[in-house]
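Asks:
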Amino acid sequence: MGQNLALSIAEKGFPISKPRVIIMLVKAGPPVDQTIKTSSIYLEKRDCITDGDNEWYENSERRGKAMAELGLLSLGMGISEGGSGNFVKMVHNGTEYGDMQLIAEAYDLLKSVWKLSNERPIK
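Numbering (UniProt numbering), first residue to last: 1 to 123.
Have a look at this one:
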């Protein structure tokens with residue numbers, strides 16, 4: 001999943017504006033803490049680190065609190081614990097738009113490639 005996200009960003013670009021959103025895709029555990037520590041010195045208040053690891057929620061909560069003390073926002077994407085403010089809504093909406101795109105592409109394949117119609121039942 002992380003590889004596909006990185007390839008998509010490389011292909012389509014990811015504009016950097018303030019506040020910045022950093023998407024972190026590193027192995028769960030100590031590498032996450034080290035990446036946050038290293039990255040945070042270059043970030044400004046209200047920048048957000050989006051953590052794509054998939055580990056115990058308490059670790060994500062601990063990291064979120066530590067980032068908040070630095071004035072940074074956090075969003076845990078690998079788990080369902082949430083994050084800071086409107087970033088949760090932004091990711092939720094992005095996921096919904098991605099789902100809608102997938103449904104639209106599947107519909108197009110069924111109609112264009114397999115020549116199915118809304119009236120013709122699938123056998």
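Glycine included, each C-beta is placed from N, C-alpha and C at the ideal position.
Just so you know, these numbers come straight off a predicted model, no measurement behind them.
So if DSSP puts Val32 in a beta bridge, which residue, or which two residues, is it bridged to?
Replies: Its beta-bridge partners do not exist; DSSP assigns none.
Asks: Tell me which same chain residues have a C-beta within less than 8 Å of the C-beta of Asp47, skipping the five on either side of it?
Replies: Excluding sequence neighbours, Asp47 sits near Lys18, Pro19, Arg20, Val21, Ile22, Leu72, Leu73.
Asks: Across which residues does DSSP place Val21 in a beta bridge pair?
Replies: Val21 pairs with Cys48.
Asks: Measuring CB to CB, does Thr50 end up less than 8 Å from Met24?
Replies: It is a contact, given that the beta carbons lie within the stated cut-off.
Asks: Give me the Cα-Cα distance between Glu61 and Asn4, rounded to the nearest whole angstrom.
Replies: Near 26 Å, if we compare the C-alpha coordinates of Asn4 and Glu61.
Asks: Compute the distance between the beta-carbons of Val26 and Thr35, then report whether it is under 8 Å.
Replies: Cβ atoms of Val26 and Thr35: closer than 8 Å.
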